[in-house]
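Numbering (the numbering used here), first residue to last: 4 to 252.
Quick reminder that beta carbons are idealized off the backbone N, C-alpha and C, glycines included.
Just so we're clear, the structure is a prediction, and the values are computed from it rather than from any experiment.
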């Protein structure tokens, strides 16, 4: 989420106070004066006072160009942080911050020599168990070992599958079209990471909302439907047109 300023309409309190002080009060005093002295006033003077009062009323009623500047932040539709599923060495890692990635694109890859060695051992155990099972089918003397060999093969296959799944997870892909919004600054390709380390944060900014904060004194100045502009901090993204859809307590 990026912090910024949302400039919505309104500078209401200042505008109204200025109109009241500079126009309404003087005109009001003038009207009271002429009303109290209406018996001695000419129709010309009364008309002048009436015109002045009408102008003052129009200035109060007509829309005023108003602005309100609020602290705000962008809440993206989807945000996900990718963590290292295994310990190992980074063989791929994104360089640019604020870069774009497509759904299904590889973002970071972890190479684990230990797991690859264990996978080789599991593959060897599977082959060995299968070979011995084949021998029991032609050698009656080995038939009594068939159940043990089947259990051994099942265990080797399960271990092989588990390791392959871990290595597949070590290729971290973007779950949606996204922008890279956070990278570990000290990580580079070739560095070693531990299982559970934070690697990269992806943000889907194709949808979302702007959340702004305002004081109690400003509540009366805002109405649903008010339009404004969201200015992202840092200037890396273009301003975004927004409309007020909800005011929470």
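task: Check each candidate in 212, 94, 123 and name the one with the smallest Cα separation from residue 190.
output: 94
query: Cβ atoms of residue 79 and residue 211: under 9 Å apart, would you say?
result: yes
task: Can you tell me which of the three DSSP states residue 294 falls into?
output: Residue 294 lies beyond the range of the chain shown here (4 to 252); nothing can be said about it.
- prompt: What are the boundary residues of the beta strand (DSSP E) that includes residue 102?
  reply: Note, residue 102: premise wrong, no beta strand (DSSP E); not H, not E.
- prompt: In three-state terms, what does DSSP make of residue 218?
  reply: coil
- prompt: Taking one C-beta from the region 105-125 and one from the region 162-175 each time, how about it: are there three or more such pairs within less than 8 Å?
  reply: yes
query: Which residues in the same chain have their Cβ closer than 7 Å to the Cβ of residue 248, if we skip the five residues on either side of it in sequence?
result: 227
- request: List the endpoints of the continuous beta strand (DSSP E) containing residue 120.
  value: Careful: residue 120 lies outside any beta strand (DSSP E), inside the alpha helix (DSSP H) at 116-139.
- prompt: Does the region 191-200 come within contact of the region 80-91, defined as at least 3 CB pairs closer than 8 Å?
  reply: yes
message: With a threshold of 8 Å, are at least 3 pairs of Cβ atoms found where one atom belongs to the region 119-126 and the other to the region 212-226?
response: no
query: How close, in whole Å, do the beta carbons of residue 181 and residue 205 come, if the pair is a contact with beta carbons under 8 Å?
result: 4 Å
- request: Measure the C-alpha to C-alpha separation of residue 208 and residue 30 and round it to an integer number of angstroms.
  value: 53 Å
query: When you compare only the Cα positions, how much space is there between residue 73 and residue 216?
result: 6 Å
task: Starting from the Cα of residue 96, find the closest Cα among 192, 231, 213 and give me that residue.
output: 192
query: When we look at the beta-carbon of residue 246 and count the other beta-carbons within 10 Å, is it buried (16 or more) or exposed?
result: exposed
message: Quick check on DSSP: helix, strand or coil for residue 34?
response: helix
task: Would you mind reading off the limits of the beta strand (DSSP E) that contains residue 183?
output: 181-186
query: Near residue 133, which residues of its chain fall below 7 Å by C-beta distance, leaving aside the five closest residues on each side in sequence?
result: 156
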